[in-house]
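Down below is the structure, laid out as structure tokens.
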Amino acid sequence: MPFLTIASGGLPDNGVIHLAASSLVKDLTTPFRVIPRSIAISLGVLIWIVVLSIWSAVTYSGAIREMFLPTPGHVLTTTLTMGANGTLWEHTASSLQVVVLGFVISSIFAIPIGLMMGTYRVIQAFFDPLVNFIRYLPVTAFVPLFILWIGIDIKQRVALIIFATFFQQLVMLADAARSVPRDLVNAAYTLGTRRTETVFHIILPATLPQVIDILRVTMGWAWTYVVVAELVAARSGLGYISLKAVRGFQVDVIFMAIAMIGILGLLTDQIFRLLRRYVAPWAL
Amino acid sequence: MLMAATDQKSADISVDRVTLRYGKGEGSVLALSDISLHVERNEFCVIVGPSGCGKSSLLYLIAGLEDRTGGDIRVGNRTIVEPGPDRGMVFQAYTLFPWLTVSQNVEYGPKRKGIPAAQRKEIVDYYLAEIGLAKFASHYPLQLSGGMKQRVAIARAMANDPEVLLMDEPFGALDSQTRHTMQKLLLRVWEHSKKTVLFVTHDIDEAILLADRVLVMSGRPGVIKKEIVVDFPRPRSVDIALEPDFIARKREILELLRHDEDDEH
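Heads up: the sequence lines are chains A and B, in that order.
Using this note's numbering, you'd call the opening residue of the first sequence number 999 and step up by one each time.
Using this note's numbering, you'd call the opening residue of the second sequence number 331 and step up by one each time.
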């Protein structure tokens, strides 16, 4: 490692430092090997610096017009302004409400039904054709339909989130239920558990870590549909202000709204990860 | 002393001309054909046979986890129709409940029965001491080795005080050394309760070491070929594996099983 030996030239123990440095390089380049936490975090920060640098270079130099891509500074000031006067939080709260309501309602029904579908073939056979068909329907196309059926208030947007989330959850939950080892269930029977208690006494606790993972992933999908839900006939929300901003060529507002959704998605993702660790400490 | 041999429940097992057929009509498979056997109360009976001969299926039928096509199965005096806590079972795969700690796993059965907490603690403490895992009471199965998990599985089954104990190649997934340790442990633990045990294995040494009686089974369809009484004194010592009587029985069983293999060709 020539550059390292030059740098350490004046120090007493060149050999030791040389060895440590080359061992670090080996750690970093060996497949699957764990790397030092400080380096992992630094790299994570580094990529954002790289993105910000490219963005700044491209916008401040004038290479791309302000109309198409605002400068980072501009987005920041817009965010601070809208944060200060309350509009940012008003619209964030509106979107948050829609997503959380839709997601919670969907999950409350999907968990028992999905687990039962996975446990009882008869329930699976009954619902499968319908569920598998609906799963592939484009959610966006249902927006005008839901407006016609439900109206343009929050109920419609919540219904759309439910529609987007529910059927995906059902399928994943049924798979999770099926993945419980048969002999584990058998063991419970030989200890006195009754067959009627299978779903809630055995399958549910056994699949709890997977259920939480399914919730985490589908909540992420729910976030991507909130903008779709608000694109037509909403009065508030991050998707709504994005749409308004397009008309006025306020790309900075769009950036802010998108970033906000991304941050909220990341936050809920983390909440579910923590929940999993707390509720299912016994799982990998 | 919590448990004396006579305190605990124990029943006999009666299998009367049982058939098991998978599927229907042309493509159906006859797994067990008119098989009959009887296990006395407090007897340690081992079924030994090659893989696929139906010995595990027979155990599942007795446990009530699968339905027989014909014949009668009785435990105590009751005909078997579905699984229940009177027939405890230890499986080859690791079946501890991962969401419960070791002690919570062991007290699972008693807790279901409504046994009060103080008494449950006594039961759990006793069995954890018996299997040598008292220090691991609050561990989760994830943190245990294979041998440890099977020890807990045995404790869990026995803590529920079943009338019979069914064991389906419980040491099959373990390495040879761990297997020997587990055999010694099982002999010791069983000695304290002498529950009726029906144990299934393909390992002939294991069968002779543990059993009062060995039933040699051949498969496709499964039938009991021969019954061999093993009358080494109890408590058993692992050293009997080197005695001429042991080897003689081993030879006999090997012959029977080899004969079975040749029959198929």
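Every residue, glycine too, gets a C-beta built ideally from N, C-alpha and C.
Going by DSSP in three states, residue i sits in which element: helix, strand or coil?
| i | result |
| --- | --- |
| Leu539 (chain B) | helix |
| Met1217 (chain A) | helix |
| Ile377 (chain B) | strand |
| Val519 (chain B) | helix |
| Phe1101 (chain A) | helix |
| Thr1027 (chain A) | helix |
| Met1258 (chain A) | helix |
| Met478 (chain B) | helix |
| Asp397 (chain B) | coil |
| Ile1004 (chain A) | Because Ile1004 (chain A) carries a pLDDT of 43, less than 50, the predicted location of this residue cannot be relied on, and the following value inherits that uncertainty. In the structure shown, Ile1004 (chain A) sits in a helix (DSSP, three-state: H, G or I). |
| Ala489 (chain B) | helix |
| Ala1281 (chain A) | coil |
| Gln473 (chain B) | helix |
| Met1115 (chain A) | helix |
| Gly439 (chain B) | helix |
| Leu391 (chain B) | helix |
| Gly382 (chain B) | coil |
| Arg581 (chain B) | helix |
| Ser567 (chain B) | coil |
| Ile1200 (chain A) | helix |
| Lys444 (chain B) | According to the sequence shown, residue 444 (chain B) is Gly rather than Lys. DSSP places Gly444 (chain B) in coil when its eight states are reduced to three. |
| Pro500 (chain B) | coil |
| Ala483 (chain B) | helix |
| Gln513 (chain B) | helix |
From the DSSP secondary-structure annotation, give me the bridge partner or partners of residue i.
| i | result |
| --- | --- |
| Tyr352 (chain B) | B:Val359 |
| His368 (chain B) | B:Ser344 |
| Arg417 (chain B) | B:Val494 |
| Thr409 (chain B) | B:Arg404 |
| Leu599 (chain B) | Lying outside 331 to 595, the shown extent of chain B, residue 599 (chain B) is not represented and no answer is given. |
Within 10 angstroms of its Cβ, does residue i collect 16 or more other Cβ (buried), or is it exposed?
| i | result |
| --- | --- |
| Pro413 (chain B) | buried |
| His589 (chain B) | exposed |
| Asn435 (chain B) | buried |
| Gly1060 (chain A) | exposed |
| Tyr1058 (chain A) | exposed |
| Thr1117 (chain A) | buried |
| Val559 (chain B) | exposed |
| Pro440 (chain B) | buried |
| Asp505 (chain B) | exposed |
| Pro1136 (chain A) | exposed |
| Trp1128 (chain A) | Note on identity: in this sequence residue 1128 (chain A) is Leu, with Trp being the wrong assignment. Its Cβ having fewer than 16 others within 10 Å, Leu1128 (chain A) is exposed. |
| Ser1051 (chain A) | exposed |
| Asn1184 (chain A) | buried |
| Leu472 (chain B) | exposed |
| Tyr1134 (chain A) | exposed |
| Leu426 (chain B) | buried |
| Gln1268 (chain A) | exposed |
| Glu573 (chain B) | exposed |
| Asp561 (chain B) | exposed |
| Ile1045 (chain A) | exposed |
| Leu1265 (chain A) | exposed |
| Thr1222 (chain A) | exposed |
| Gly400 (chain B) | exposed |
| Phe1253 (chain A) | buried |
| Gln449 (chain B) | exposed |
| Gly1190 (chain A) | buried |
Quick one: give me the first and last residue of the alpha helix (DSSP H) that residue i is part of.
| i | result |
| --- | --- |
| Leu430 (chain B) | Run containing Leu430 (chain B): none; DSSP gives neither H nor E here. |
| Gly1042 (chain A) | 1035-1058 |
| Ala467 (chain B) | Ala467 (chain B) -> no alpha helix (DSSP H), and no H or E assigned at all. |
| Lys451 (chain B) | 447-460 |
| Gln1122 (chain A) | 1119-1133 |
| Phe1144 (chain A) | 1140-1148 |
| Val1244 (chain A) | 1236-1245 |
| Asp1181 (chain A) | 1180-1188 |
| His1072 (chain A) | 1070-1082 |
| Lys339 (chain B) | No alpha helix (DSSP H) holds Lys339 (chain B); DSSP gives it neither H nor E. |
With respect to the beta strand (DSSP E) encompassing residue i, which residues constitute its N-terminal and C-terminal limits?
| i | result |
| --- | --- |
| Phe1164 (chain A) | No beta strand (DSSP E) holds Phe1164 (chain A); the alpha helix (DSSP H) holding it covers 1152-1176. |
| Val553 (chain B) | 553-559 |
| Gly401 (chain B) | 400-405 |
| Val530 (chain B) | 526-531 |
- Query: Using Cβ-Cβ distances below 9 angstroms, what residues of the stretch 1020-1036 of chain A are close to chain B?
  - Reply: none
- Members of the stretch 447-477 of chain B that neighbour chain A once the beta carbon cut-off is set at 8 angstroms: Tyr470, Pro471, Leu472
- Could you run through the stretch 1118-1131 of chain A and flag, in chain order, every residue whose CB is less than 7 angstroms away from some CB of chain B? none
- Task: Please list the residues of the stretch 1175-1195 of chain A that have a C-beta atom closer than 8 angstroms to any C-beta atom in chain B, keeping them in chain order.
- Result: Pro1179, Asp1181, Leu1182, Asn1184, Ala1185, Ala1186, Tyr1187, Thr1188, Leu1189, Gly1190, Thr1191, Arg1193
- Item | the stretch 1203-1223 of chain A: positions lying closer than 8 angstroms to chain B by Cβ | Pro1203, Ala1204, Leu1206
- Query: Between the stretch 434-447 of chain B and chain A, which residues of the former have CB atoms less than 7 angstroms from a CB of the latter, in chain order?
  - Reply: Tyr438, Gly439, Arg442, Lys443
- Check each residue of the stretch 371-395 of chain B: if its Cβ is closer than 9 angstroms to any Cβ of chain A, include it; give the result in chain order. Tyr390, Ala393, Gly394, Leu395
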